[in-house]
Each structure stands twice: as structure tokens, then as C-alpha cells.
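Only one structure is covered here, and it is reproduced in the block below.
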Amino acid sequence: MRSLTDKVVVITGASGGIGSAIARQFANEQARLLLCGRDNKKLKAVAASLNLSHGNCITVTADVTKSSGMKKIIETAYKHFGRIDVFINNAGVGMNKLFIRTTEKEFDQMIAVNLKSVFYSFQQLLPRMYDQGCGQIINISTMAAKQGVPGLSAYSASKAAMNILSEAVASEVRNENIKISVLAPASVDTDFMSNMAPRSRVRSKAARKLMADEVAESVIFLARQNENAWISLAEIRPLLVKK
Ligand SMILES: NC(=O)c1ccc[n+]([C@@H]2O[C@H](COP(=O)([O-])OP(=O)(O)OC[C@H]3O[C@@H](n4cnc5c(N)ncnc54)[C@H](OP(=O)(O)O)[C@@H]3O)[C@@H](O)[C@H]2O)c1
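The numbering of the sequence shown is our numbering, which starts it at 37 and goes up by one.
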């Protein structure tokens, strides 16, 4: 497995539950980090909690739904570090609402954050990775992209489209030494989940949510894969709690 020491890793949504866990684990591997989100205070708090020197961990506030936001992230990384080894599209929004109550604005927002941001990252990053001769992009999806579930139509559709976009582009760039992977977790114990937990569905008492650190460990595993190995899609589910 390859070492992540000194690798340059960009994490979007680093102010959130899963993103901050990913940042912590890459920091433990002594990677160099660019953390991105919109909430500067939260981002700075995550950066300060990591055991990295200031020069090895920088923060960028940007909105990934805008081409200019993605440009700011990528250009800052290249200006500061000179390269990007691993780019993690983790920023995402969810919503639990019946389709009949979903507005066009809400639908557009799901598509913008969960799909269009990934398009912008591919569009702006792949030419740079071609020039570098290598690179890795890891996109955080969801198990909810596999099946239509009541209340999650917009969320699931945006992530399912992101999966297919990733799969198609991955197959176009794999021979250029560029790996694009999709990681699809089941429910994870973050604010995101508590905001969209369905009230109407009865959950098994034995089921538990994944912890953000368990998702982060899988991201690290993908990033540490040997140069000539590529996991294109990985799913993470919790095991049931033993009685
Ligand atoms: N939690 C789960 O159960 C679960 C399960 C499967 C998959 N996922 C996926 O995992 C990812 C992270 O989720 P999480 O649970 O960590 O959620 P979270 O705690 O709500 O974090 C979401 C992150 O996305 C960022 N973000 C949202 N909109 C953005 C925008 N327009 N521009 C830039 N950043 C933006 C937020 O940053 P700011 O607020 O600073 O902008 C925040 O850092 C998402 O893609 C989600 O779909 C989550």
C-alpha cells in the first residue's frame, strides 16, 4: 500500500461530520491538506484541531455549486502546494421530503451541490491531473442512490446521477493513471442524518449508524491503494449490534 505522507489532499465539506473525520485521518497520515467549506469558523476549528503545521493545512471558503468556487479551491491548492494528489468530493446536502412537496428550487439545490459540483471538479481538475501524469478523485455518494426510497427522491436522484457520471468519466481516464472512485456509505451518525432522518419509517432496534470515522477509514484505504489497483465503487454498511 502506498504511503500518504506529504500527499496533497483536498477535502470539500471538511467543516461537516464526515469531512472533518476524513481530515483527521489524513492528518494522522501526515498528508498535506486543503480543507474547504462555506463556514469559515467551523473550517478553522477543524484545521486547528489537527496536528499539522499551518503551512501543511490551509482552509478555503468556497461554494462548490459555483464554477468560480471550485476554481478558487483548485487554484489555491496548486498555488500553495503545486499539485493535488487526492481530491475528495464530500460536500453534500440531503433532504427528506415527499416529491409532491418538493419545490423546483430545492430540487435544483440537490443537483447543484451533489452533482454539478462534481462536474466542476472533473472539468477543472482532470486537465491538471493529465499534466501531472496521475491523480485520484474520491466521491462520497450514498446507499440511498441505489434504490428509490419515499422522501429521498431528489437526494437519491442527484447522487445516482453523480455515480453514473463518475463511472463513465473514470473509465475514460483510468489509462491516464487517474483513479476516480465512488464510496457509498449507509446512514452515518452526523448532523446531516439527524436533519433528514425519516420520522415515518420504523428502524430496526438492532441497526446502528456508521460512525464518521468508519467512513474516513474507508477513504484512507482507497487512497492507500497501490498505484496499479483501483477500487471504482465501494459500499459501507454497519454490522448489527450484537445482543
Ligand atoms: N450522514 C449520512 O448519513 C450520510 C450517508 C451517506 C452519505 N453521506 C454523504 O456524506 C457527505 C458528507 O455528509 P455529512 O454527514 O458529513 O454532512 P454534514 O455534516 O451536513 O456536512 C456537509 C458538508 O457539506 C458542505 N457543503 C454543503 N453545501 C455546500 C456548498 N454549496 N459549498 C461548499 N460546501 C458545502 C458543508 O459545509 P458548510 O456548511 O461549511 O458549507 C459541510 O461541511 C455528503 O455528500 C452526504 O451526502 C452522508
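Cβ atoms here follow ideal geometry from the backbone N, Cα and C, with glycine treated the same way. Quick caveat: nothing in here was measured; it's all calculated off a predicted structure.
Discussion item. Output needed for residue 146: all residues of its chain with C-beta closer than 7 Å, excluding positions within five of it in sequence on either side, in chain order.
Written reply: 129, 131, 190, 191 and 194
Practice prompt. Identify whether residue 53 lies in helix, strand or coil by the three-state DSSP scheme.
Written response: helix
Discussion item. Quick check on the DSSP output: the alpha helix (DSSP H) that includes residue 199 runs from which residue to which?
Written reply: 189-209
Practice prompt. From the DSSP output, read off the bridge partner residues of residue 73.
Written response: 97
Worksheet item: Between the C-alpha atoms of residue 238 and residue 259, what's the straight-line distance to the nearest angstrom?
Response: Confidence is the limiting factor: at residue 238 the pLDDT is only 48, short of 50, which leaves the residue's position unreliable and the question unanswerable from this model.
Discussion item. So for residue 215, helix, strand or coil by DSSP?
Written reply: strand
Item to complete: May I ask you to list the residues that DSSP assigns as paired with residue 220?
Response: 271
Worksheet item: Does the Cβ of residue 229 lie closer than 7 Å to at least one heavy atom of ligand 1?
Response: yes
Worksheet item: Between residue 72 and residue 95, what straight-line distance do the alpha-carbon atoms span, to the nearest angstrom?
Response: 6 Å
Worksheet item: Between residue 49 and the rest of its own chain, which residues show a CB-CB distance below 7 Å, the 5 nearest in sequence each way excluded?
Response: 55, 73, 126, 127 and 128
Discussion item. Is it the case that the stretch 78-96 contacts the stretch 60-70, given that we only count it when at least three CB pairs across the two stretches are under 8 Å?
Written reply: yes
Worksheet item: Would DSSP call residue 160 helix, strand or coil?
Response: helix
Practice prompt. Flag residue 74 as yes when its Cβ comes closer than 7 Å to any non-hydrogen atom of ligand 1, and as no otherwise.
Written response: yes
Practice prompt. Only counting runs of 3 or more residues, tell me where the beta strand (DSSP E) segments fall wholly within the stretch 106-143, in order along the chain.
Written response: 122-125
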